[in-house]
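A short worksheet on the structure shown next.
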Amino acid sequence: MGISNAELPVYRMTIAGQAVDAAKTMPVVNPANGEAFALAPDAGTEELDAAVAAAQAAYPAWRALPSAERRALIVKAAERIEQHAKELGALFTREQGRPFAYAKQEIYGAAYWLRAMAAIEIPVEIAEDSEARRIEVYHEPLGVVCAIVPWNFPVMLAAWKIGPALVAGNTMVLKPSPFTPLCMLRIAELLRDVLPPGVLNVICGGDALGPLMTAHAGFAKISFTGSTATGKRVMEAAARDLKRLTLELGGNDAAIVLPDVDVDAVAEALFFGAFYNSAQVCIATKRLYIHDSIYDAVRDRLHAIAQRARVGDGMDKETQFGPLQNAPQYRRVKQLIEETKAAGHVVLEGAAVPEQGYFLPLTLVDNPPDDARVVVEEAFGPVLPLLRYHSIDEVIARANASEYGLAGAVWSADIGQAIEVAKRLETGTVWINQNLQTTPQAPLAGHKHSGVGVENGLPGLLEFTQPKTLYIPKKAGYKLGF
Numbered sequence: 006m007g008i009s010n011a012e013l014p015v016y017r018m019t020i021a022g023q024a025v026d027a028a029k030t031m032p033v034v035n036p037a038n039g040e041a042f043a044l045a046p047d048a049g050t051e052e053l054d055a056a057v058a059a060a061q062a063a064y065p066a067w068r069a070l071p072s073a074e075r076r077a078l079i080v081k082a083a084e085r086i087e088q089h090a091k092e093l094g095a096l097f098t099r100e101q102g103r104p105f106a107y108a109k110q111e112i113y114g115a116a117y118w119l120r121a122m123a124a125i126e127i128p129v130e131i132a133e134d135s136e137a138r139r140i141e142v143y144h145e146p147l148g149v150v151c152a153i154v155p156w157n158f159p160v161m162l163a164a165w166k167i168g169p170a171l172v173a174g175n176t177m178v179l180k181p182s183p184f185t186p187l188c189m190l191r192i193a194e195l196l197r198d199v200l201p202p203g204v205l206n207v208i209c210g211g212d213a214l215g216p217l218m219t220a221h222a223g224f225a226k227i228s229f230t231g232s233t234a235t236g237k238r239v240m241e242a243a244a245r246d247l248k249r250l251t252l253e254l255g256g257n258d259a260a261i262v263l264p265d266v267d268v269d270a271v272a273e274a275l276f277f278g279a280f281y282n283s284a285q286v287c288i289a290t291k292r293l294y295i296h297d298s299i300y301d302a303v304r305d306r307l308h309a310i311a312q313r314a315r316v317g318d319g320m321d322k323e324t325q326f327g328p329l330q331n332a333p334q335y336r337r338v339k340q341l342i343e344e345t346k347a348a349g350h351v352v353l354e355g356a357a358v359p360e361q362g363y364f365l366p367l368t369l370v371d372n373p374p375d376d377a378r379v380v381v382e383e384a385f386g387p388v389l390p391l392l393r394y395h396s397i398d399e400v401i402a403r404a405n406a407s408e409y410g411l412a413g414a415v416w417s418a419d420i421g422q423a424i425e426v427a428k429r430l431e432t433g434t435v436w437i438n439q440n441l442q443t444t445p446q447a448p449l450a451g452h453k454h455s456g457v458g459v460e461n462g463l464p465g466l467l468e469f470t471q472p473k474t475l476y477i478p479k480k481a482g483y484k485l486g487f
């Protein structure tokens, strides 16, 4: 017999630096076995209003704090997270499903991101410095930021929002996914004595809470990562009172393998660039275009890797790939694979997977037509279409024939040729002979339906500010007009 909800540990929110409960709770499920192992608060309007009020109250003092002091506190927050990396990694694996070694990487990566963002200074730009005048452009904080984080990278993507928002002088109310709330609830608890009360408030709730947040008049900006469909609804809500927006949305990312590659040398990287985190990565390869002359060789190498891959519980040291994170996503991807089989497309499955939990085999689809659902839609799960092509112009046109434009990759022994191909792809990021690389120093921006705005780098930091331009005369007297 399993334990009842009444016996499960209950996590708490952080509002104004204090532990806060909600009137209701919701179960958090381990995707490796489908069983609830903890309870999280299911917040509503009352808790949201309290969190926004706390962030508003904290904003004037946090904004007034010298930038160096704000950044030093964010570095302390990073240090506190690192000190608890093992604990947080184990909790991450239980709620998200990713193997423990990779879970710890995300915890350390989030701390690194905070530290790196704290090292970026916001410049004062000089637009003009003439005999008559000096024009200075400052970048001021916006106020209270609403941050909504998805379940696939619940800690790293929170750090992508927390770091720049707080460095710029804003305060925040952050909502993790209801599928993966626990790590961020625990991190907020760990930071209660690091950050001033109200600077970072973390609340959580079910599907009703997100729309309440995006419609709340107390927010100056929304930073959202999630699906394109939900991003459009967020944008509609933000338009009512002209909230600033950053939206990092879906991708159907194409990778192109040119005929001159060493197949044996690139096969592992191609595979993990598609299937890392059980393919639940916005910037993972979702369509793999392979030149006809090497198509069979690449397909066979990838299938061999899939057949020997270890899929299972993330707490097993031998596991390389965990489950789908939640039951709805599991059902969607399973239905996609079944529909692909029913359409008569050739499906190449990897190793057997556990029967309990939200597991699916790592699956390749052998050269389906371009209009197949498995090609057109972002699966966001372990199924990858392999697509033959014959010429550069042809493959670039096919890769660009998508409403998405988040990331892509080009693989070639000729770096110069790869760069020329990369320049023609309609996407915000392109890797050459690599995959899934991001850094706090470089911007990530989606084209087309893959997003609005920028994350990371100085451009991402400036997304959490608004410019103020000062015209300063150098001579006595007043001047009107041009």
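Reading the sequence shown from the start, the letters are residues 6 to 487 in my numbering. Yeah, the Cβ is synthetic: ideal placement off N, Cα and C, and Gly gets one too.
Rounded separation between residue 370 and residue 268 - CA only
Translated into the one-based positions of the sequence shown, residue 370 becomes position 365. Translated into the one-based positions of the sequence shown, residue 268 becomes position 263. Whole-angstrom Cα-Cα distance: 19 Å.
What residue from 401, 322 and 311 has the CA that sits closest to residue 357's CA?
Translated into positions along the sequence shown, residue 357 becomes position 352. Taking only the C-alpha atoms, the option nearest residue 357 is 311.
With DSSP run on the structure shown, which of helix, strand or coil describes residue 248?
The sequence position of residue 248 within the sequence shown is 243, counting from 1. Here DSSP, grouped into helix, strand and coil, assigns residue 248 to coil.
Neighbourhood of residue 174 by C-beta, 7 Å cutoff - its chain only, sequence neighbours within 5 removed:
Against the sequence shown, residue 174 aligns to sequence position 169. Within the same chain, residue 174 has close Cβ partners 67, 68, 75 and 146.
DSSP three-state call for residue 476: helix, strand or coil?
Working through the sequence shown from its first residue, we reach residue 476 at position 471. In the structure shown, residue 476 sits in a strand (DSSP, three-state: E or B).
Residue span of the beta strand (DSSP E) that contains residue 393, given as start and end
Position 388 of the sequence shown, counting from 1, holds the residue named residue 393. It spans 388-394 - the beta strand (DSSP E) in which residue 393 sits, taken as one unbroken run.
Segments assigned beta strand (DSSP E), at least 3 residues, entirely inside the segment 256-314
259-262 and 292-296
Residue 296 to residue 372 span [Cα, whole Å]:
Your numbering for residue 296 matches position 291 in the sequence shown. Your numbering for residue 372 matches position 367 in the sequence shown. It is roughly 12 Å from the alpha-carbon of residue 296 to the alpha-carbon of residue 372.
Close-in-space but distant-in-sequence residues of the same chain around residue 210 (CB under 6 Å, 5 per side omitted):
Residue numbering aside, residue 210 sits at position 205 when the sequence shown is read from its first letter. The residues are 47 and 48.
Whether residue 270 touches residue 279 by CB criterion (7 Å):
Position 265 of the sequence shown, counted from the start, is the residue given in the question as residue 270. Position 274 of the sequence shown, counted from the start, is the residue given in the question as residue 279. No, the Cβ-Cβ distance between residue 270 and residue 279 is not below 7 Å.
Residue ranges of each beta strand (DSSP E) within the segment 400-471, 3 or longer:
Listed in chain order, the beta strand (DSSP E) elements of length 3 or more contained wholly in the segment 400-471 are 412-416 and 434-437.
Contact the segment 86-105 vs the segment 207-224: 3+ CB pairs below 8 Å
no
If you drop the 5 nearest sequence neighbours on each side, which residues of the same chain put their C-beta closer than 6 Å to that of residue 62?
Translated into positions along the sequence shown, residue 62 becomes position 57. Counting only Cβ-Cβ distances below 6 Å, and skipping sequence neighbours, we find 203.
Residue 168: buried (16+ other C-beta within 10 angstroms of its C-beta) or exposed?
Sequence index remark: in the sequence shown, residue 168 carries index 163 (1-based). Label assigned to residue 168: buried.
Residue 362 and residue 38 - do their beta-carbons sit closer together than 7 Å?
Numbered from 1 along the sequence shown, position 33 holds the residue referred to as residue 38. Numbered from 1 along the sequence shown, position 357 holds the residue referred to as residue 362. In contact: residue 38 and residue 362 (Cβ atoms closer than 7 Å).
Buried versus exposed call for residue 476 [16 or more other C-beta atoms within 10 Å across all chains shown]:
As a working mapping, residue 476 is identified with position 471 in the sequence shown. Classification of residue 476: exposed, given that the 10 Å Cβ count is below 16.
Evaluate residue 469 with the Cβ neighbour count: other Cβ atoms within 10 Å of its Cβ, from every protein chain shown; 16 or more gives buried, anything less gives exposed.
Here residue 469 is taken as the residue at index 464 of the sequence shown, counted from 1. It is buried - the Cβ of residue 469 has at least 16 other Cβ atoms within 10 Å.
Which listed residue (35, 237 and 212) has its alpha carbon closest to that of residue 455:
As a working mapping, residue 455 is identified with position 450 in the sequence shown. Closest by alpha carbon: 237.
Need the endpoints of the beta strand (DSSP E) that residue 228 sits in, please.
For the purposes of this step, residue 228 is taken as the residue at position 223 of the sequence shown. Run containing residue 228: 226-230, per the beta strand (DSSP E) assignment.
Identify the continuous beta strand (DSSP E) that holds residue 151 and give its terminal residues.
On the sequence shown, position 146 is the one that residue 151 refers to. It spans 149-153 - the beta strand (DSSP E) in which residue 151 sits, taken as one unbroken run.
Which residues in the same chain have their Cβ closer than 6 Å to the Cβ of residue 29, if we skip the five residues on either side of it in sequence?
Numbered from its first residue, the sequence shown carries residue 29 at position 24. A distance below 6 Å between beta-carbons, with the five flanking residues on each side excluded, links residue 29 to the following residues of its chain, in chain order: 47.
Determine the direct distance from the alpha carbon of residue 248 to that of residue 24, and round the result to whole angstroms.
Within the sequence shown, residue 24 is the residue found at index 19, counting from 1. Within the sequence shown, residue 248 is the residue found at index 243, counting from 1. So the two alpha carbons sit approximately 29 Å from each other.
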